[in-house]
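2 protein chains.
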Amino acid sequence: MPFSFRLIATDGAARNGEMATPHGVVRTPAFMPVGTQAAIKGVHHDDVRASGADIILGNTYHLMLRPGAERVAALGGLHAFMRWPYPILTDSGGFQVMSLSALRKVDEAGVTFRSHIDGAMVELSPERAIEVQNLLGSDIAMQLDECVSLPAAPEEIERAMELSLRWSERCKRAFESASPGRALFGIVQGGDDAALRQRSARALTDIGFDGYAIGGLAVGEAPEVMRKVVVETAPALPADQPRYLMGVGTPADLLAAIAGGIDMFDCVLPTRNGRHGLAFTRFGPINIKNAHHAEDQRPLDAESRCPAARDFSRAYLHHLFKAGEALGGTLLSVINLYYYQDLMAGARAAIAERRFADYVAQTTERWSAKPDIRADE
Amino acid sequence: MPFSFRLIATDGAARNGEMATPHGVVRTPAFMPVGTQAAIKGVHHDDVRASGADIILGNTYHLMLRPGAERVAALGGLHAFMRWPYPILTDSGGFQVMSLSALRKVDEAGVTFRSHIDGAMVELSPERAIEVQNLLGSDIAMQLDECVSLPAAPEEIERAMELSLRWSERCKRAFESASPGRALFGIVQGGDDAALRQRSARALTDIGFDGYAIGGLAVGEAPEVMRKVVVETAPALPADQPRYLMGVGTPADLLAAIAGGIDMFDCVLPTRNGRHGLAFTRFGPINIKNAHHAEDQRPLDAESRCPAARDFSRAYLHHLFKAGEALGGTLLSVINLYYYQDLMAGARAAIAERRFADYVAQTTERWSAKPDIRADE
């Protein structure tokens with residue numbers, strides 16, 4: 010199936026759609042679990058799929074350094090290598106270069122950085138970012154962009170936005186040789202400046218991509234700033250193409266962004282928080298390490314679709330964390346992935362039935378309804 | 010079902026049997042994965058069960074310290090707490106006291122030790138060891154014994170053996186109040202001294218237990234010594250009751266012990282080695298971290314019953330270890346648990362068909378047949 014997107018329903022600015030890709034259909038709004046190094050941390054692919062994930066994200070930065078894009082290609086591409094035969098989106102590597110590498114140098118040509126693994130100097134140009142993603146064979150590739158931490162000086166935000174625009178054109182040109190049917194997304198930059206975001210969105214739309222991401226958020230700004238940028242930027246993007254908010258976020262962030270017209274998300278929160286003992290549930294977040302769970306025989310959610318949330322007692326999950334058993338982190342990661350997917354499934358159904366505002370209100374109310382659980386937040 | 014044991018077939022000294030317990034049937038020879046802290050390290054219970062495990066082992070020492078035997082009892086016992094509704098054997102705690110605790114003191118009354126978790130002084134008498142196992146509710150409980158590291162002075166081995174015998178009587182008396190149907194095993198001690206082992210076996214048989222273990226092995230002695238003790242000791246135990254070799258061992262150790270008349274095993278090797286990158290396969294052990302696996306698209310064993318051994322390439326498993334992804338250790342642990350269970354299933358079938366010597370020869374030959382894999386050993 011070549012890449013395509015169709016809207017099924019809208020409710021206010023919220024959208025329910027369907028994205029076709031060479032490796033299958035993605036229902037939107039969609040949450041993409043993060044498979045940084047060709048694995049979702051601590052979780053078996055079978056559980057990722059069973060949670061309801063249509064698509065996962067792979068990190069170009071990590072994969073190009075280890076095991077290497079050429080090696081992955083020789084082994085049949087990322088789908089075959091990791092044995093995930095469903096859709097995969099790869100980022101461009103730019104964000105991790107900024108956050109993980111020492112000694113990076115950004116100029117017009119691209120970014121040069123020192124590998125955090127073996128200290129080698131590595132060049133990542135827009136053309137190389139596309140080449141790497143072609144070698145990985147992802148269904149959706151992202152342009153290389155420069156992402157600045159917030160707060161930042163207005164000139165710095167503008168400079169990075171303009172550079173990202175020029176890089177987007179070079180990425181588009183490089184992507185022309187990609188195997189047919191795959192998609193390339195542009196990335197809106199502009200920090201917390203509404204005018205810059207509008208300019209970036211218009212310019213990217215003029216260049217023309219298969220979809221558009223909002224980048225440069227969840228980089229230190231307040232949640233209100235992030236939500237404001239989303240609400241201001243999304244309407245500037247083509248209505249008939251998918252919109253992806255990169256690296257966001259909490260369940261509340263996701264609902265707010267969907268209300269603003271976002272279709273796709275990725276975030277490490279469900280697995281990272283899971284490994285650290287925080288469970289996302291219909292009743293709000295629960296810190297399973299808190300002592301008051303030690304003798305609580307209730308499961309996290311007796312009505313969850315997730316076996317681990319139904320079957321194991323809070324006391325047992327608490328014990329696993331106290332005892333340092335890795336199974337605890339795995340079970341909570343799985344529980345959180347199910348929760349995120351169920352949140353998306355609920356949003357899709359609510360939008361289709363034009364009751365999304367009610368869905369948000371009910372979901373949010375339930376998060377704060379239980380006094381014994383509020384104590385955990 | 011109350012505890013019982015019946016022999017189905019014998020082939021030389023090797024035995025195929027069936028053990029009934031309150032939580033189900035155990036086919037012997039049986040391998041028990043080790044669930045130290047109410048979890049098999051890194052592996053979901055569903056995978057442990059799917060591997061073919063009829064029974065797991067729980068460590069009394071760990072569970073009495075955390076979450077505590079009284080707490081496990083309040084939460085419905087170990088089966089309900091960890092949600093493993095199948096047979097469980099618990100050890101007595103004695104072995105871990107010797108190997109993990111500083112400041113231990115052994116006298117006639119029992120052993121006093123400092124908890125490695127919170128530094129508290131804890132007393133473990135034969136009566137308390139049984140009380141703890143009753144609280145946990147295991148299907149098979151073990152007597153408290155004193156285990157000495159080898160090599161040791163003959164007087165020291167004899168003293169510990171005699172003390173263990175006196176403790177076995179106290180354990181038996183304490184176990185009279187246990188819920189009906191559960192079993193108590195005595196433990197033969199005597200180090201590498203055949204005469205002491207015979208005395209211990211006879212004395213325990215006179216006292217009378219539901220089954221008999223050979224303890225005090227895999228504590229530093231050479232494999233030949235271990236096998237010699239097994240072959241000399243097993244025939245001194247009642248033919249119509251199960252025989253359990255504690256803490257052993259490699260696949261080769263297991264086959265040798267089965268040939269000597271052993272019915273039950275436990276060992277951390279499949280999971281510990283799995284976490285460290287060593288896979289047990291039909292073709293012998295494979296160290297997946299070795300560089301020559303980096304581009305090997307073959308699975309570990311295309312004909313394995315284990316999905317992870319069939320589905321993932323050696324290159325991918327290698328990558329997971331190189332990248333430090335915990336999923337690698339989990340997958341190899343699962344692969345190893347399947348291998349151990351399949352080794353036992355093969356042994357049971359071979360004994361039933363009176364071709365156990367051939368099974369051992371063929372299995373052993375296959376381990377060393379592949380030159381590309383010999384390099385890994």
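One line per chain: the protein sequences are A and B, in this order.
Residues 10 to 386 (the numbering used here) make up the first sequence, in order.
Residues 10 to 386 (the numbering used here) make up the second sequence, in order.
The beta-carbon is built from N, C-alpha and C at its ideal position, and this holds for glycine as well.
_How far does the beta strand (DSSP E) with Ala222 (chain A) in it extend, from its first residue to its last?_
Gly220 to Ile223
*Give every residue of the same chain whose Cβ lies closer than 6 Å to the Cβ of Gly195 (chain B), excluding the five residues on either side of it in the sequence, and list them in chain order.*
Gln152, Ser177, Leu213, Phe218 and Tyr221
*On a CA-only basis, which of B:Val141, B:Arg211 and B:His32 is nearest Trp93 (chain B)? Give me that one, please.*
B:His32
*Given that Phe330 (chain A) touches chain B, what residues does it touch there, using C-beta distances under 7 Å?*
Here the premise fails: no neighbours, minimum Cβ distance about 11 Å.
_Whole beta strand (DSSP E) elements within the segment 31-74 of chain A, 3-residue minimum_ = 33-37, 39-41 and 65-67
_Cys156 (chain A) to Gly103 (chain A) span [Cα, whole Å]_ = 7 Å
*Three CB pairs or more closer than 8 Å across the segment 156-170 of chain B and the segment 126-134 of chain B*: no
*Thinking C-alpha only, which one of B:Gln46, B:Thr372, B:Asp305 and B:Asp215 is nearest Tyr70 (chain B)?*
B:Gln46
*Which chain B residues are close to Asp320 (chain A), counting only those with a beta carbon under 8 Å from its beta carbon?*
Arg92
*When burial is assigned at 16 or more other CB atoms within 10 Å of the CB, is Pro96 (chain B) buried or exposed?*
buried
_Run through chain A and tell me which residues come within less than 9 Å of Arg314 (chain B), C-beta to C-beta._
Going along chain A, no residue has its Cβ under 9 Å from Arg314 (chain B), so there is no contact; the nearest lies around 16 Å.
_Proximal residues of chain A, C-beta to C-beta of Gln198 (chain B) below 8 Å_ = Simply none; closest approach about 30 Å.
*Would you call Met353 (chain A) buried or exposed, if buried means 16 or more other Cβ atoms sit within 10 Å of its Cβ?*
buried
*What in chain A is Cβ-close to Gln46 (chain B), meaning under 7 Å?*
Ala332 and Glu334
_Looking at the strands, I want to know which residues DSSP matches up with Leu133 (chain B)._
B:Val120
*Taking buried to mean at least 16 other C-beta atoms within 10 Å of its own C-beta, is Gly333 (chain A) buried or exposed?*
exposed
*Check whether Arg236 (chain B) and Ala243 (chain B) have beta carbons under 8 Å apart*: no
*Go ahead and pull the three-state DSSP assignment for Gly333 (chain A).*
coil
*Could you work out which residues of chain D lie near Arg168 (chain A), taking near to mean beta carbons separated by less than 7 Å?*
Chain labels in this structure do not include chain D; the protein chains are A and B.
*For Tyr253 (chain B): DSSP bridge partner residues*: B:Ala222 and B:Met273
*Proximal chain B residues relative to Glu304 (chain A), where beta-carbon distance stays under 8 Å*: Arg80, Ala83 and Leu84
*asked:* Quick check on this structure: which residue in B:Arg36, B:Pro38, B:Thr37 and B:Ile65 has the alpha carbon closest to the alpha carbon of Lys50 (chain B)?
replied: B:Ile65
*Mind the definition here: the segment 255-273 of chain B touches the segment 356-369 of chain B only if three or more C-beta pairs lie below 8 Å; say whether that holds.*
yes
*What is the rounded straight-line gap between the Cα of Ile344 (chain B) and the Cα of Phe289 (chain B)?*
8 Å
*Bridge partners of Asp20 (chain A), per DSSP?*
A:Ala23
*Would Val141 (chain B) pass as a contact of Val120 (chain B) if the rule is Cβ separation under 8 Å?*
no
*Lys50 (chain B): contacting residues in chain A (beta-carbon distance under 8 Å)*: Glu334, Ala335 and Leu336
*In three-state DSSP terms, what is Ala187 (chain A)?*
coil
*Output yes if chain B places a C-beta closer than 8 Å to the C-beta of His53 (chain A); else output no.*
yes
*Closer than 8 Å by C-beta to Gly21 (chain A): which residues in its own chain qualify, once you throw out the five before and the five after it? Chain order, please.*
Ala268, Phe365 and Ala366
*asked:* Using the Cβ count rule (16 or more neighbours within 10 Å means buried), how would you classify Gln306 (chain B)?
replied: exposed
*Is it true that the CB of Phe330 (chain B) sits closer than 8 Å to the CB of Ile297 (chain B)?*
yes
*Return the CA-CA distance between Arg58 (chain A) and Met91 (chain A), expressed in angstroms with no decimal places.*
13 Å
_If you reduce the DSSP assignment to three classes, tell me which class Asn299 (chain A) lands in._
coil
*asked:* Quick check on His301 (chain A): buried or exposed, where buried means 16 or more other Cβ atoms within 10 Å of its Cβ?
replied: exposed
*Leu112 (chain B) versus Ile223 (chain B): straight-line alpha-carbon distance, rounded*: 26 Å
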